[in-house]
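Everything on this sheet refers to the single structure shown next.
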Amino acid sequence: MEEANVQTSELYTLQLPSKPESITLLEQLIEEIADKYHVEEDTFANMMTCLNEAVINAIMHGNKQDETKKVIVNAEVEPKRIIWTVTDEGPGFDYNNLADPTAPENLENLTGRGVFIIKHLADQCIFNASGNEIELHFKI
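By the count of UniProt numbering, the sequence shown reaches residue 140 at its end, each step adding exactly one.
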């Protein structure tokens, strides 16, 4: 009997040096995956926004722009969803006690909206225990 070749998921990975220019490589990967799997425009836009935010946070806050530290981005593409993971080499942060960017006293702050935005745009958002890894799910 011939074995059916069932490809359940495909894995992509990037190791980015902790500098803002690395975002270009991230954006190229998102575009490549979106094209290959015919991701809808709004999902593509959400992925772009969330991953940009997550990787910038990892570079700036996690790795403190130390170029010897890497930000690792993985994308696992399944038939109905893409699972992105962004990991930095920093100590992590307490994601449960972030200031609410919608609170009146925080509305004019220029920063502090990243995680809030990510949670609204991704279908699912999971942090690891220490807070130096985020997993983002998008239905496709």
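Note that beta-carbon positions come from the ideal geometry of N, C-alpha and C, so glycine has one too. Quick caveat, the model's predicted, so the values are computed rather than measured.
| Asked | Found |
| --- | --- |
| Would you check if the segment 82-99 and the segment 116-134 touch, i.e. whether three or more CB-CB distances between them fall below 8 angstroms? | yes |
| Can you tell me whether I56 is helix, strand or coil according to DSSP? | helix |
| Straight-line CA distance for T43 to F138? | 7 angstroms |
| Less than 7 angstroms separating the beta-carbons of E9 and E78? | What sits at residue 9 in the sequence shown is Ser, not Glu. Against a cut-off of 7 angstroms, the Cβ pair of E78 and S9 comes out as a contact. |
| DSSP on E27, reduced to helix/strand/coil? | helix |
| Below 8 angstroms, how does it come out for the segment 13-20 and the segment 59-70: are there three or more Cβ pairs, yes or no? | yes |
| Between the Cα of A129 and those of R113, G112, D94, spot the shortest distance and give me the residue it belongs to. | D94 |
| Within its chain, find whatever has a CB closer than 8 angstroms to the CB of K64; leave out the 5 residues flanking it on each side and keep chain order. | S18, G90 |
| Under a three-way DSSP split, which group does A99 fall into? | coil |
| Hey, quick one: how far does the alpha helix (DSSP H) through F127 stretch, first residue to last? | From DSSP, F127 is part of no alpha helix (DSSP H) but of the beta strand (DSSP E) over 124-127. |
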